[in-house]
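Residues in the sequence shown are numbered from 1 upward in steps of one, following full-length UniProt numbering. C-beta atoms are modelled at their ideal positions from N, C-alpha and C, and glycine is treated no differently. Quick notes on the structure that follows.
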Amino acid sequence: MNWIKRLQELEPITGTKRLHEQIYTKIIKEPQDFTPETASDYEENQALLAEIRLAHEDFKKDPRHGEWDDMFGSYLIEMEQLNSRAGQFLTPMNIVRAMCQMIIGMDDDKQLLGKPQMLSDPAAGCGRFMIGAAEVYAKHAGCFNFMFVNQDIDFRMYVYMTMNAILYGIPSLNIHGDTIALEYWEGTVVWRPAGYPTLWKTIPKERLEEIMPKFEAQKVGLQKFIDNAPTMRRRLKKKKKVKHDEYKQSTFMQ
């Protein structure tokens, strides 16, 4: 089935909830309380995740897109759902790829396999530069040796950047907030421990307000920003075992 049709069926005109609202509630938020014992309570959640995955597989087979691309941004463009009056715009993926290849560097092993990088997009949209960076690392380093920080003021974009990170298993902190005003309303961390499916955890506003000033204070020159920023890889290195609650959530993805 065509990927657009699959997503359209999840978002009928007569429906009460838009696609991003369903994803936020049934995939990002509710499954964080999932346990194997309560699996029967999450049948609708897993059914939605399965449909999103099927749509994504169809999307990657579409010759216009390929393995590394932004399904949700492409859907918004196809359905004319971007807020063009407010100047909302998604950078074309061919430009994203070119920029990621130039900035990250494809042949520099010290850059790709050395110290883990902290990458940031303050107006991330659906996370296209995150996907572009992930493609460079996957093809030329064989791993995601970085942590990506996405931020956008549009709640839809926050949901879709987070879902893109989940689908690709990209280590990231995805934030719904105002970059210019330095306001943060919610965040979701996505990571994938070795041997486990992708996991994610929502960070409330109060915790973000504690974390982000330290993060912003490190942005004094690009090199200092990259060298001193905390990374998911360092966190995972210290934790050889996955916490029990994380393991329980991982069974939702299987």
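What's the C-alpha gap between residue i and residue j?
{"i": "Glu9", "j": "Glu186", "result": "28 Å"}
{"i": "Ala141", "j": "Tyr168", "result": "16 Å"}
{"i": "Gly15", "j": "Gly195", "result": "38 Å"}
{"i": "Thr162", "j": "Thr25", "result": "13 Å"}
{"i": "Arg53", "j": "Gln117", "result": "28 Å"}
{"i": "Ala55", "j": "Leu48", "result": "11 Å"}
{"i": "Glu80", "j": "Trp68", "result": "22 Å"}
{"i": "Gly105", "j": "Tyr42", "result": "42 Å"}
{"i": "Tyr200", "j": "Pro63", "result": "As written in the sequence, residue 200 is Trp, which differs from the Tyr given in the question. Those two C-alpha atoms are separated by around 30 Å."}
{"i": "Phe144", "j": "Arg18", "result": "32 Å"}
{"i": "Asp154", "j": "Glu210", "result": "22 Å"}
{"i": "Met157", "j": "Ile131", "result": "14 Å"}
{"i": "Asn5", "j": "Glu11", "result": "The question names Asn, but residue 5 is Lys in the sequence shown. Approximately 10 Å between the Cα atoms of the pair."}
{"i": "Met212", "j": "Lys139", "result": "31 Å"}
{"i": "Ile180", "j": "Leu119", "result": "18 Å"}
{"i": "Pro197", "j": "Leu82", "result": "32 Å"}
{"i": "Trp191", "j": "Gly114", "result": "19 Å"}
{"i": "Glu51", "j": "Asn45", "result": "10 Å"}
{"i": "Val189", "j": "His176", "result": "12 Å"}
{"i": "Gln223", "j": "Tyr137", "result": "Legend: pLDDT at Gln223 = 42, less than 50; position of this residue unreliable, no value from coordinates given."}
Output yes if chain B places a C-beta closer than 8 Å to the C-beta of residue i; else output no.
{"i": "Trp200", "result": "The structure shown has no chain B; it contains just one protein chain."}
Assign residue i to buried or exposed, taking buried as 16 or more other Cβ atoms, counted over all protein chains shown, within 10 Å of its Cβ.
{"i": "Pro204", "result": "exposed"}
{"i": "Tyr75", "result": "buried"}
{"i": "Cys100", "result": "buried"}
{"i": "Tyr39", "result": "Per the sequence shown, residue 39 should be read as Ala rather than Tyr. Exposed."}
{"i": "Asp121", "result": "buried"}
{"i": "Ala98", "result": "exposed"}
{"i": "Ala165", "result": "buried"}
{"i": "Ala134", "result": "buried"}
{"i": "Gly66", "result": "exposed"}
{"i": "Asp33", "result": "exposed"}
{"i": "Asn2", "result": "exposed"}
{"i": "Ile13", "result": "exposed"}
{"i": "Phe89", "result": "exposed"}
{"i": "Asn150", "result": "buried"}
{"i": "Ile170", "result": "buried"}
Just verifying my parser: in three-state terms, what is the DSSP assignment at residue i?
{"i": "Thr38", "result": "helix"}
{"i": "Gly195", "result": "coil"}
{"i": "Phe72", "result": "helix"}
{"i": "Asn174", "result": "strand"}
{"i": "Pro204", "result": "strand"}
{"i": "Glu67", "result": "coil"}
{"i": "Glu209", "result": "helix"}
{"i": "Asp62", "result": "coil"}
{"i": "Asn2", "result": "coil"}
{"i": "Arg18", "result": "coil"}
{"i": "Glu78", "result": "helix"}
{"i": "Ile28", "result": "helix"}
{"i": "Ile13", "result": "coil"}
For residue i, write down the residues that DSSP places opposite it in a beta bridge.
{"i": "Glu186", "result": "His176 and Pro204"}
**Request:** Quick one: which unbroken beta strand (DSSP E) runs of 3-plus residues sit fully inside the UniProt domain "DNA methylase adenine-specific" (80-182)? Chain order, please.
**Result:** Here the runs fully enclosed are 117-121, 146-152 and 172-178.
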